[in-house]
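A.B. asks:
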Amino acid sequence: MQGRRAGVLLHPTSLPHPAGQGDLGPEAFRFVDWLAAAGFSVWQMLPVGPVHHDRSPYLPRSCFAGHTGLISADVLREEGLLDAGQLPVPSDDLPERRRLLRQAWRVFRHDADGPARADFQRFREASASWLPDYALFRTLGLKHGDQAWFHWPPSARAVDRASLARLQEEHAVATELECFGQFLFFRQWATLRAHARSRGIALFGDLPIYVA
């Protein structure tokens with residue numbers, strides 16, 4: 061950044077939303093428009109990685125992945141991936157959020173057109189350096205009660221190539237869902253970034269401190 065700028069510090073979860081927690085949906089776009097109209101040029105926010113149950117953005121499960129709790133159900137409804145009559149999800153209802161993600165995944169697998177499937181494949185290829193490992197890590201965490209990895213059984217903590225290949229094959233269906241969740245997050249994130257850029261607003265993030 062060059063020159064002097066004015067901005068606002070506001071994490072997306074603090075945006076207004078009927079479900080209680082803000083996300084990357086319409087309110088985020090309205091906030092960008094308000095910043096531009098008010099003469100600001102920076103939206104500063106906290107890290108947007110996948111959080112633990114304490115919700116601290118500085119204690120994410122990964123420094124590469126995005127927080128799927130920020131995925132806008134409103135946008136998914138507009139895209140036809142969720143039932144248009146689905147009620148807003150309470151922000152602290154993690155099982156219900158995952159149920160909606162599974163619903164969107166089923167619809168995508170069944171109904172997505174060629175370009176959408178190609179976008180998903182390109183995302184997976186571009187994220188190959190971290191996405192398969194994160195998807196497996198998250199899948200194993202959920203399987204073992206969301207405990208810290210060092211509480212998992214030894215068979216799930218193995219890091220040799222043969223063991224990882226076995227785990228990837230064993231949990232292939234579940235890891236597909238995690239990859240899809242990351243695809244949705246980064247697609248919505250990219251759309252918000254493009255809108256902010258068009259309004260002259262820079263998104264100014266922060267680094268996570270206590271990863272995993």
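Counting in the working numbering, the sequence shown runs from 61 upward without gaps.
Glycine residues also receive a C-beta, built at the ideal position from the N, C-alpha and C atoms.
#1: Give the single residue among Phe240, Glu230, Gln181 whose Cα lies nearest to the Cα of His127.
#2: Going by the CB atoms, is the gap between Val271 and Arg115 shorter than 9 Å?
#3: Identify which residue in Ile131, Gln163, Thr235, Phe210 has its Cα closest to the Cα of Leu196.
#4: Is Pro107 helix, strand or coil when you go by DSSP?
#5: Does DSSP classify Pro273 as helix, strand or coil?
#6: Out of Pro214, Gly129, Gly63, which one is the CA nearest neighbour of Phe243?
#7: Here's the rule: buried if 16 or more other CB atoms are within 10 angstroms of the residue's CB, otherwise exposed. What is Gly145?
#8: Is Asp83 near Ile131, with beta carbons less than 9 Å apart?
#9: Do you know whose CA, among Arg65, Leu106, His71, lies nearest Ala98's CA?
#10: Have a look at Leu70 and Arg247 and give me their C-alpha separation to the nearest angstrom.
#11: At a cut of 8 Å, does the stretch 258-271 reach the stretch 95-114 through at least three beta carbon pairs?
#12: Which two residues bound the contiguous alpha helix (DSSP H) that contains Ala161?
#13: Just to confirm, are Gln142 and Gln163 a CB contact at a threshold of 9 Å?
#14: From what residue to what residue does the beta strand (DSSP E) around Phe264 run?
#15: Note the first and the last residue of the continuous alpha helix (DSSP H) segment covering Leu95.
#16: So which of Asp93, Ala133, Asp171 has the shortest CA-CA distance to Arg257?
#17: Give the C-beta separation of Leu200 and Trp212 to the nearest angstrom, bearing in mind that I take them to be a contact with Cβ-Cβ under 8 Å.
#18: Leaving out five residues before and five after Pro72 in sequence, what residues of the same chain have Cβ atoms less than 8 Å from its Cβ?
#19: Taking the alpha-carbon positions, what's the Asp206 to Gln62 distance?
C.D. replies: Looking at the atomic coordinates:
#1: The residue among Phe240, Glu230, Gln181 with its C-alpha nearest the C-alpha of His127 is Phe240.
#2: no
#3: Thr235
#4: coil
#5: This structure cannot speak to residue 273, because the chain is shown only from 61 to 272.
#6: Gly129
#7: exposed
#8: With respect to the 9 Å criterion, Asp83 and Ile131 are classified as neighbours on the basis of their beta carbons.
#9: Arg65
#10: 21 Å
#11: yes
#12: Residue identity differs from the one stated: residue 161 is Leu in this sequence, not Ala. Looking at the DSSP string, the run of the alpha helix (DSSP H) that includes Leu161 is 154-171.
#13: Note on identity: in this sequence residue 142 is Leu, with Gln being the wrong assignment. Yes, Cβ-Cβ distance for Leu142 and Gln163 is below 9 Å.
#14: 262-264
#15: 86-98
#16: Of the candidates Asp93, Ala133, Asp171, the one whose C-alpha sits nearest the C-alpha of Arg257 is Asp93.
#17: 6 Å
#18: Gly82, Asp83, Leu84, Ala88, Met105, Val108, Leu130
#19: 43 Å
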